[in-house]
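Below: one structure, written as structure tokens.
Numbering (the numbering used here), first residue to last: 1 to 190.
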């Protein structure tokens with residue numbers, strides 16, 4: 001069994017390789033704009049399902065895994081920054097505060113649609129950062145393309161005081177939940 005991963009994320013791919021799950025990566029090519037009325041948590045789940053649906057249409061006889069992440073501060077959705085100034089403002093807003101990173105994963109097959117889905121929410125407490133520290137982190141360019149404007153699996157870890165939750169979910173794929181979904185679907189992992 002070789003899964004289709006509806007993602008080109010090298011981080012999600014590395015997690016699957018780490019545990020020996022065979023996969024092929026496919027770009028889902030969906031509109032990732034936020035939908036009015038969806039909470040950040042529900043948006044992550046919606047986007048994961050849309051990614052799976054897009055890839056499954058092109059390969060209806062295959063198992064598809066898709067994931068997406070959103071970040072939330074006091075109920076508000078945090079977007080990926082498009083510019084350094086947007087990233088600076090977002091990191092300044094997160095400085096000294098707790099927010100949530102929501103990582104959704106879904107398992108999909110053909111016309112049957114979503115067989116199972118899960119959202120893992122991780123509580124992230126950023127330490128108080130000086131303007132110099134924010135500028136130094138922005139110089140790493142790790143913020144580019146990242147929800148929350150940080151990459152915890154690299155130097156972004158230095159920005160935090162406390163992280164409560166699944167480390168794999170932070171990287172972008174809640175592996176314990178995914179492995180359970182695969183087992184429940186009757187797919188052999190070992």
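All C-beta atoms in this analysis are idealised placements derived from N, C-alpha and C, irrespective of residue type, glycine included.
Owing to the predicted nature of the structure, the values given are computational and were not obtained by experimental measurement.
Sequence-distant residues of its chain with Cβ nearer than 7 Å to residue i (five each side left out)
i, result
"residue 125", "98, 160, 161, 162"
"residue 46", "35, 38"
"residue 171", "11, 15, 153"
"residue 120", "103, 165, 166, 169, 174, 177"
"residue 145", "80"
Through-space distance from residue j to residue i, alpha-carbon basis
i, j, result
"residue 13", "residue 25", "8 Å"
"residue 79", "residue 176", "26 Å"
"residue 104", "residue 131", "32 Å"
"residue 199", "residue 82", "The structure shown does not extend to residue 199, since the chain is modelled only from 1 through 190, so no value can be given for it."
"residue 178", "residue 64", "11 Å"
"residue 73", "residue 157", "18 Å"
"residue 127", "residue 133", "11 Å"
"residue 40", "residue 184", "27 Å"
"residue 118", "residue 180", "10 Å"
"residue 122", "residue 129", "20 Å"
Residue of the options minimising C-alpha distance to residue i
i, options, result
"residue 22", "180, 2, 91", "2"
"residue 58", "144, 149, 29", "29"
"residue 67", "189, 108, 190, 164", "108"
"residue 10", "173, 135, 149", "173"
"residue 137", "180, 169, 181, 92", "92"
"residue 4", "62, 31, 76, 143", "62"
"residue 76", "42, 139, 31", "42"
"residue 88", "44, 69, 135, 122", "135"
Residue i (DSSP reduced to helix, strand or coil)
i, result
"residue 104", "strand"
"residue 42", "helix"
"residue 162", "strand"
"residue 113", "strand"
"residue 12", "helix"
"residue 19", "coil"
"residue 24", "strand"
"residue 29", "coil"
"residue 119", "strand"
"residue 66", "strand"
"residue 126", "strand"
"residue 71", "strand"
"residue 47", "helix"
"residue 182", "helix"
"residue 76", "strand"
Cutoff 8 Å; reference residue i; Cβ partners in own chain excluding five residues on either side
i, result
"residue 148", "71, 78, 90, 94, 99, 101, 124"
Cβ neighbours of residue i in the same chain (closer than 6 Å, five flanking residues each side left out)
i, result
"residue 187", "1"
**OP:** Spell out a yes or no on whether the segment 51-61 and the segment 105-120 are touching, meaning 3 or more CB-CB pairs, one atom from each, closer than 8 Å.
**Re:** yes
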